[in-house]
Structures are given as structure tokens and as C-alpha cells.
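As C-alpha cells, the structure follows; a few thoughts come after it.
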Ligand SMILES: C[S@@+](CC[C@H](N)C(=O)[O-])C[C@H]1O[C@@H](n2cnc3c(N)ncnc32)[C@H](O)[C@@H]1O
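Numbering (this note's numbering), first residue to last: 4 to 277.
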């Protein structure tokens, strides 16, 4: 695997072993190579295959309102109580970070929920969603906001009619929603900035870090969570994927509602349980 580091600069040792192994097996099928030993030899002589393996490790599948329990609780409990709290404290803005936004469905789903809440609650608040991903190709795809019919299957007809425009076989997100989401490239494992420069100072009310922690070894998962805790407060909600809930419980966060995958930091301080 050192060939991949040499050829692409990507250190594969940060990835979970079972995930890495499965990805190599997929590449064996794609290339028609018979054994792992032969595949290692191929990596040693073929830079394109090193790049293909590296790219195959960035799984970018996403969906609108992906985890229905999480999004239902967001819609019915978390966002309404956050909006009321901000109003009581005379604050004007809700700040949300979608920290591995892939092609944008997560960020756009959150924007739809905020729009609906503003319309029904009459609370004069504004909101901004900062959506980041390590992969520039995903960032550019997300910014376009164009989705095929298959990709909008989770969206109700009412929301499709309100927040999308049909263009041929595709659905294009409305300008109203698009203008609320700021997309940029950001690596959660880099040491450069502690929060996305597009957000200037962080201070998020909600951070989604979902469906990426489990690809990494515990040491790197911890680095990601530590980075995020630098720009959140004890009140911030941190949201993971359904299959990553145990990771955050282990890092000193408590789930605000069982099985919601929505967490807050333990009041005593960061990482108390590690
Ligand atoms: C499976 S998608 C999850 C998308 C979305 N959060 C969801 O739950 O539907 C994982 C995303 O994490 C991004 N990613 C992986 N490692 C990252 C890192 N170190 N920093 C930022 N994004 C990363 C990938 O590029 C990919 O788009």
C-alpha cells in the first residue's frame, strides 16, 4: 500500500481495515486481477490503479432526509426549540454545518426544514448552512443542485413542487434554498483550520458529521470529533449516521433522544469518557 502513498500522497493506513479490504476486493473485480498478491504488484506498476483505489475510498452516497428518525426529530423537536431559544435570546441567525456534505442532499434537506419552520412559526430568524466535503468534485456537484428522479424519491410531492423545478428528467433545487447553502472544500483530517474558512468563526448550532466516521480508524475518528468540538458549544447538536452512534457515546457525548443519532457534549467537558 506504500505505492499508493508514493503515487497519490494518500496514506491508506487511516482507513478501517475491513473497509479497506472490501474496497480492494471491489478493485480486484473491476480490474479482473485474480489475487490480492497480484493486485499489490499491479499497484506497484500502475499509477492509474493507485488513483482508482484512492478514489474508491471516498464513498459519496447520500440521500435527502437520509435517516428518517433523525430528520423527523430535527423537524419536530430540535429546530423548533432552537428557533424559540434564539428568539428569546434576541439572536438573529441559526448556523448549521454539514461537514461531509457529498452531493448536497443533507444540507438542502436541512434548508427545506428551516424554510418550512420560518414560514409556519413567523419567527423572524435567518439561517445559514455551511456545507463542506473533502472531495472538490462532490462540492461542485452539490453546488449545481441538480438531481435525477431516482435521487428525489425520498421527497414528498409537496416539497418537490415547492423547492424544486423540473428540468427534463432532473429536478433542480430552487434558488431560495440554494442561496442559503454555502459549499466549500474542507478536509476534516487536515491540521489547517479548525472550522471551515467559509464560516469564518464556526459557532454552529447544529453540525452534521454523518456517514463518514466509520470509514476511519478510531484514532482518526477522534481527530475529526476533536476538530469539530473546537467550533461548537455545549448546546450545539452534533449528528452522526445511524451506524456511528456508538462512536460519539464513546467520546463523551450523550444522545439527546434515544436512537436519534443527535448528540450534545457532556456538560462536564469534552471527551470525559475516553
Ligand atoms: C457517505 S458520504 C455521506 C454524505 C452525507 N453526510 C450523508 O450522510 O448522506 C461521505 C462523504 O464524506 C466525505 N469525506 C470523507 N473523508 C472526509 C474528510 N476527511 N473530510 C471531509 N469530508 C470527507 C466523502 O468525500 C463523502 O462525500
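We put the CB at the ideal spot given by N, CA and C, even for glycine.
{"query": "Residue 134 - containing alpha helix (DSSP H), residue span", "result": "Counting along the chain, residue 134 falls outside any alpha helix (DSSP H), though it belongs to the beta strand (DSSP E) covering 129 to 136."}
{"query": "Residue range of the unbroken alpha helix (DSSP H) whose run includes residue 140", "result": "139 to 147"}
{"query": "Assigned secondary structure, residue 273 (DSSP; H/G/I helix, E/B strand, else coil)", "result": "Legend: pLDDT at residue 273 = 48, less than 50; position of this residue unreliable, no value from coordinates given."}
{"query": "Near ligand 1: residue 145 beta-carbon under 6 Å from a heavy atom", "result": "no"}
{"query": "Through-space distance from residue 265 to residue 214, alpha-carbon basis", "result": "13 Å"}
{"query": "Alpha carbon of residue 155 to alpha carbon of residue 161, nearest angstrom", "result": "12 Å"}
{"query": "Residue 192 Cβ short of 6 Å to ligand 1 heavy atom set", "result": "yes"}
{"query": "Span of the beta strand (DSSP E), counted from its first residue to its last, around residue 152", "result": "Counting along the chain, residue 152 falls outside any beta strand (DSSP E), and DSSP gives it neither H nor E."}
{"query": "Where residue 203 falls, given that 16 or more other Cβ within 10 Å makes a residue buried", "result": "exposed"}
{"query": "Beta-bridge partners of residue 168, as assigned by DSSP", "result": "175"}
{"query": "Same chain only: Cβ atoms within 6 Å of residue 25, ignoring 5 sequence neighbours per side", "result": "none"}
{"query": "Spatial distance of residue 21 from residue 158 (CA atoms)", "result": "33 Å"}
{"query": "Span of the beta strand (DSSP E) around residue 257", "result": "256 to 258"}
{"query": "The stretch 144 to 152 contacting the stretch 93 to 113, beta-carbon criterion three pairs below 8 Å", "result": "yes"}
{"query": "Cβ-based neighbour list, residue 85, same chain, cut-off 7 Å, excluding 5 preceding and 5 following", "result": "97, 208"}
{"query": "Nearest-angstrom Cα separation, counted from residue 182 out to residue 197", "result": "24 Å"}
{"query": "Segment contact, 8 Å Cβ cut-off, at least three pairs: the stretch 5 to 18 with the stretch 43 to 51", "result": "yes"}
{"query": "Residue range of the unbroken beta strand (DSSP E) whose run includes residue 208", "result": "207 to 211"}
{"query": "Limits of the beta strand (DSSP E) - the one that residue 241 falls within", "result": "235 to 242"}
{"query": "Sheet register partners of residue 248 (DSSP bridge)", "result": "Looking at the DSSP assignment, residue 248 forms no beta bridge with any residue, so it has no partner."}
{"query": "CB of residue 137 within 7 Å of CB of residue 190, strictly", "result": "yes"}
{"query": "The beta strand (DSSP E) enclosing residue 90, as first and last residue numbers", "result": "Taken as a continuous stretch (DSSP letters only), residue 90 belongs to no beta strand (DSSP E), being part of the alpha helix (DSSP H) at 82 to 91."}
{"query": "Close-in-space but distant-in-sequence residues of the same chain around residue 201 (CB under 7 Å, 5 per side omitted)", "result": "133, 185, 187"}
{"query": "Cβ neighbour criterion (16 or more within 10 Å) applied to residue 64", "result": "exposed"}
{"query": "Cβ-heavy atom distance, residue 215 to ligand 1, below 6 Å", "result": "yes"}
{"query": "Through-space distance from residue 179 to residue 276, alpha-carbon basis", "result": "Unreliable placement is indicated for residue 276, whose pLDDT of 37 sits below 50; no coordinate value is reported for it."}
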